[in-house]
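Participant: One structure coming up, written as structure tokens, with questions to follow.
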Amino acid sequence: MKRALVLSGGGLFGAWQVGAWDVLRRHVDFDVIIGVSIGSLNGWAIAGGATPAELAAKWLRAAETGRLRFRFPRHPLDGVVEFTQIEGFIRDIHASYQPRIEYYAVLTDLLRWRGSLVEGRHVQWRHLAASCALLGLLPQQRIGKVLYSDGGIISALPLWAASHCRATHVIGLNVAPRMPWPVRVFLKSARALSHKPRKIPRENTFVLSPSRPLGGWREACSFDRAHIAAWIGQGKEDASAALERGNISFLECFEA
Numbered sequence: 320m321k322r323a324l325v326l327s328g329g330g331l332f333g334a335w336q337v338g339a340w341d342v343l344r345r346h347v348d349f350d351v352i353i354g355v356s357i358g359s360l361n362g363w364a365i366a367g368g369a370t371p372a373e374l375a376a377k378w379l380r381a382a383e384t385g386r387l388r389f390r391f392p393r394h395p396l397d398g399v400v401e402f403t404q405i406e407g408f409i410r411d412i413h414a415s416y417q418p419r420i421e422y423y424a425v426l427t428d429l430l431r432w433r434g435s436l437v438e439g440r441h442v443q444w445r446h447l448a449a450s451c452a453l454l455g456l457l458p459q460q461r462i463g464k465v466l467y468s469d470g471g472i473i474s475a476l477p478l479w480a481a482s483h484c485r486a487t488h489v490i491g492l493n494v495a496p497r498m499p500w501p502v503r504v505f506l507k508s509a510r511a512l513s514h515k516p517r518k519i520p521r522e523n524t525f526v527l528s529p530s531r532p533l534g535g536w537r538e539a540c541s542f543d544r545a546h547i548a549a550w551i552g553q554g555k556e557d558a559s560a561a562l563e564r565g566n567i568s569f570l571e572c573f574e575a
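Listed below in structure tokens is the structure:
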């Protein structure tokens, strides 16, 4: 039995994952953590032994930097969001932990237009930055000879990666918001052209999402302390409710 936690992208709604994981970790010991975009940061901390209190504190401190600022990019691949705030958050998360269990960050190889898994021992802070590098908003990251973008372009919740890692039981925490229609059209086309990942087994796979909307794209891009705290709290409520209702379908996994 190999139990995987898969963390989606979703901007700053990723704070919800912190609360949900806080509840789930009391019932299951995950063997592998997989994260994409903001989920790659949470996943790095979780795999590195962070406590829920530590990770929540990092989120709340990051919220004190204020709203994200926009800019006119010097280069089309630089993005319109000022990177300084986000870079500080990424560097802090990366420097604070090293994986103690199996971990993978999901990136998109822009030239090959396909998802790429980077195993924990090879992950530098730029890999986490690349996984979060939403095309058009944040700087694309060149690592070695490869240009990387947000791993969520190919799949906002990369359950395929759990199959790649031979996980037998999977929980996905999905906070990806509904995109504006032009973005949805772009992503649909992008995914149609991308390399098709291996199929996702439905058996023993459960996806938990927020029970009520966390907000729109403005909130997802806003470091607001009150919002962050509320999203963490909602994550705890949603995970607790799912367990109480028996909606998480592989309880035998928790009891092993």
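At position 1 of the sequence shown (counting the first as 1) the number is 320 in our numbering, and the numbers step up by one without a gap. For glycine and all other residues, C-beta sits at the position ideal for the given N, C-alpha and C. Since the model is a prediction, treat every value here as computed from it, not as a measurement.
Please name the residue, chosen from ILE490, LYS555, ARG445, that lies closest to ALA523 on a Cα-to-Cα basis.
Facilitator: Checking the sequence, you will find Asn at residue 523 rather than Ala. Taking only the C-alpha atoms, the option nearest ASN523 is ILE490.
Participant: Check each candidate in ARG322, VAL325, TRP378, ASP350 and name the one with the smallest Cα separation from VAL545.
Facilitator: According to the sequence displayed, residue 545 carries Ala and not Val. Measuring from the Cα of ALA545, the nearest candidate turns out to be TRP378.
Participant: Can you round the beta-carbon distance between ASN361 and GLY354 to whole angstroms, since I take them to be within the 8 Å contact cut?
Facilitator: Contact holds; Cβ gap of about 6 Å.
Participant: Which residues does DSSP list as the beta-bridge partners of GLU438?
Facilitator: Answer is TYR423, bridged to GLU438.
Participant: In whole angstroms, give me the CA-to-CA distance for SER468 and VAL526.
Facilitator: Answer to the nearest angstrom: the Cα atoms are 24 Å apart.
Participant: Leaving out the 5 sequence neighbours to the left and right, which residues in its chain are closer than 7 Å to THR487 when beta-carbon positions are compared?
Facilitator: Taken in chain order, the residues that qualify are MET320, LYS321, ASN523.
Participant: So is GLY557 buried or exposed if we call it buried at 16+ other beta carbons inside 10 Å?
Facilitator: The residue asked about is misnamed: residue 557 is Asp in this sequence, not Gly. With 16 or more other Cβ atoms within 10 Å, it is buried.
Participant: The beta strand (DSSP E) spanning ILE462 covers which residue range?
Facilitator: 460-462 is the span of the beta strand (DSSP E), which, as asked, contains ILE462.
Participant: Any idea if PRO477 is buried or exposed, counting beta-carbon neighbours within 10 angstroms, 16 or more meaning buried?
Facilitator: Result: buried.
Participant: Short of 8 Å in beta carbon distance, which residues of its chain neighbour ARG485, apart from the five on each side in sequence? Order them along the chain.
Facilitator: Closer than 8 Å at the Cβ level, and outside the excluded window around ARG485, lie LYS321.
Participant: Which residues share a DSSP beta bridge with ARG433?
Facilitator: Per DSSP, ASP428.
Participant: Determine which residues share a DSSP beta bridge with ILE352 and list them.
Facilitator: Looking at the DSSP assignment, ILE352 forms a beta bridge with LEU324, TYR422.
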